[in-house]
Structures are given as structure tokens and as C-alpha cells.
Amino acid sequence: MLLTGTIITNKAIDVFSPYKFLNPAVFGNSFYAFRNRYFDMTGYGLHVPVLKTGMAKELTRRIHSIAFRATKAECLDLPETTEIVRTVLLEPEAQHLYLDMVHDSMIQLREGEVTATNVLTRLLRLSQLTGGFLCQDDSDLPVSVSEAKLKALSDIVDSSAEDERKLVVIARFLPEIDAIRRMLEKKRINYSVISGEIRDRDEQVRRFQTDPDTTVFVGQIATAGLGITLTAADTMVFYSLDYSMSNFEQAKARIHRVGQRNLCTYLYLVAAGTVDEKVLQALIDKADLARILIDEYRAGRNPFQTK
């Protein structure tokens, strides 16, 4: 993580661990002493750290005592980027299933403790559904419940092939990766892939970057977002997203980096009226997704729907 330049991944409190490794003299060896000095714990269950009033200047000074910050825009002359949300409609059966799961999730929240963990657990299942699959309670095997995103991606792949342009596809879940690979194989499209189960990662990247016949790169966001260059493509499709700001920014930087000469386009496949919209907006706003959902629930709104 230190080598990526992303010291703070989501919240300012994240800075403690890397700085303890770099130089314990900056913030000391005790996380709790660091937390108590700079942060107030707020929210339900006192699990949300908020920087104390008047401590921002000292925290920044200590961070900069052994580091300096330069943005990519300041250091590199890179082409511009554009972001496009491609809304997809779930099939009627998938929509009904989604609404049933939302209803069950609301009941479970009312009957239990409303914590970030509980909310994100419900969100996980709903995110899996919008990606096209669910795992049964008594089995780890995924069951296909929707092809809405897969069909949208298929159209994008066809357009890229017609334009003779390479394409990067990023997804969160392995069953999504598997479905995308099957779709590409049916089209007889050569592709590279990096996910948690792939070992020859350097070869996968090399082939995508140098082989004109390898036109699509498929990557799992948690494992394909760091330390690789994919500038053979200038378009990246986010099939699905996790909740990590670090993963999000690092994935985008795979095509928008030194060596890229074209305008970069990011396409987001978003299932209408679902948690997909809230996840993407939270990442764009650099907001705490769990806190947003909890606040919506306590305000009497449904945190798992947008309409």
C-alpha cells in the first residue's frame, strides 16, 4: 500500500498503520493513544471516528513531517477522462427478487442492531444480485438470477471490437468474472484475466499490452487494481464495484497513467433503482457508505432503494 502512494484509503484514521511501519516516532506505537488524541468516536455504537476540532493542523503537520503530497495532475501530463453511467434494467423476475430481499433486509434491521456490519452484510447480497447471481443459503455454488449487466457488457464488447479498440472490464465477484469469461469465449474473443485465483499475472498483463489479438482484460477489483499497467486500452468498464475508495481509484489509474495518449473513458454499469446507484455515488463523493445507509434508515427511508 505504501508504494501505491495511497496512504489514506478511506478515513484519516487509516494513516496510523503505514506510519507506524515507516516511522513509529511520528504517531507512536499505540493505535488507541493515536485515536484518542486525534479522533472522537461517534455514531451508534461509537464506531465512527471523527477528527477532533482543532486537530487537523497538527495531524497534517505530522503526516508531512516525513512525506509530501503531489497529485497526478501536478506531476503528469495525462489526457483527460470522461465518466459515463450506463443504466441497465433488471428483468422483471430479478426485480421482484430484489424487492423481496430488500423487504427481508428491512425486517432484519428492525429486529436487530443497526450497525455498519449489519447494513453492509445486507448490501453485499443485494450487490451480488445486481451482478447477476446469488448463492443459496445451503450452498456456495452461485445461481444465475439476471443477465442484464452481462447483455449490456456484451454490447460494449461488440462495439469495441468493431472499432478495433481494446477494453478493460473490472468486476467485484468471482461469479461475475466467470460469467464475463464465458461470454467472451462464446464470442471467440481472446482475453487476459487477473483475479484471486490467477497466478501468472505478469504474463496476463504482458499479453494484453503487447498482443494485438488479446483485446479484452478482465480484472477483479480487489486483486487487479494495484501495480499493473493497462494503457493498451483507453476504456474501462466497471461491471460492479466494492466499497473501497482505494480499490476504486487504483483501478481507474490502470489505464490513466504514464504511457496513455488517448482520452480515457470509464463506463459504470448500474442497475436502476438499486444499491448500485448508492455505491457509485458514495465512491464519487468519497463518502462513508455505511454511515449514509444507516442515517437513511434512521430517518425512516429505505437505504437499499433509490426510488
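Using the numbering used here, the final residue of the sequence shown is 356, and nothing's skipped along the way.
Backbone N, C-alpha and C define an ideal beta-carbon position, used for all residues, glycine too.
**Prompt:** Which class does Ser241 belong to by DSSP, given the choice of helix, strand or coil?
**Reply:** For Ser241, the three-state secondary structure derived from DSSP is strand.
Checklist entry - What is the rounded straight-line gap between the Cα of Phe297 and the Cα of Tyr346? => result 26 Å
Discussion item. Can you tell me whether Val75 is helix, strand or coil according to DSSP?
Written reply: Per DSSP, reduced to three states, the secondary structure at Val75 is helical.
Burial state of Pro224, where buried means 16 or more other Cβ atoms lie within 10 Å
buried
- Message: Once DSSP output is grouped into helix, strand and coil, what is the label at Ala348?
- Response: coil
Q) What number of angstroms, rounded off, separates the C-alpha of Thr263 from the C-alpha of Ile243? A) 14 Å
| request: Grab the span of the alpha helix (DSSP H) containing Asp251 for me, first residue to last. | output: Arg250 to Thr259
Q | Asp262 (DSSP reduced to helix, strand or coil) | A | coil
- Item | Presumed contact (8 Å Cβ cut-off) between Phe353 and Leu175, rounded CB distance | 6 Å
- Counting only the same chain and skipping the five closest in sequence on each side, list residues whose C-beta sits under 6 Å from that of Thr323. Thr179
Exercise. Residues bridged to Ala320 by DSSP?
Worked result: Val137
Integer Cβ distance of Val75 from Arg340, believed to fall under 8 Å:
With a Cβ gap of about 28 Å, Val75 and Arg340 do not count as contacting.
| said: Going by C-alpha to C-alpha distance, which of Ile238, Leu275 and Ala271 sits closest to Asp260? | reply: Ile238
#### Entry: Distance, Ser79 Cα to Arg310 Cα
46 Å
Taking C-alpha atoms, which residue in Met232, Asp283 and Tyr87 lies nearest to Asp212? Asp283
Is Thr355 helix, strand or coil by DSSP? It is coil, neither helix nor strand.
- request: Would you check if the segment 244-260 and the segment 196-212 touch, i.e. whether three or more CB-CB distances between them fall below 8 Å?
  value: no
Open item on the list: Check for me: the alpha helix (DSSP H) holding Phe297 runs from which residue to which?
Closed with: Met294 to Lys301
| request: Compute the beta-carbon to beta-carbon distance between Tyr377 and Val265, rounded to the nearest angstrom, for a pair I have assumed lies under 8 Å. | output: With the chain covering 50 to 356 only, the question about residue 377 has no answer from this structure.
_Do Ile343 and Ala165 have their beta-carbon atoms positioned less than 9 Å apart in this structure?_
Yes. Within cutoff.
Below 8 Å on the Cβ atoms is my guess for Leu108 versus Ala61; work out the distance and round it to an integer in Å.
7 Å
- prompt: Should Ser208 be labelled buried (16 or more other beta-carbon atoms within 10 Å of its own) or exposed?
  reply: Exposure of Ser208 is indicated by the presence of fewer than 16 other C-beta atoms within 10 angstroms of its C-beta.
In whole angstroms, what separates the C-alpha of Leu312 from that of Thr131?
In this structure, the CA atom of Leu312 is about 8 Å from the CA atom of Thr131.
- Message: Between Ile112, Phe88 and Met90, which has its C-alpha nearest Leu71's C-alpha?
- Response: Ile112
Query raised in the report: Skipping 5 residues on each side, what residues in its chain have a beta carbon closer than 7 Å to that of Met104?
Result: Tyr87
Distance CB(Gly268)-CB(Ile219) smaller than 9 Å: yes
Just the Cα atoms here: how many angstroms apart are Asp149 and Arg250? The straight-line gap from Cα to Cα measures roughly 40 Å.
Residue range of the alpha helix (DSSP H) that includes Ala228: Leu223 to Lys235
Inset, instruction - Would you identify the three-state DSSP class for Asp89, choosing helix, strand or coil? - result: In the structure shown, Asp89 adopts extended strand secondary structure according to DSSP, grouped into three states.
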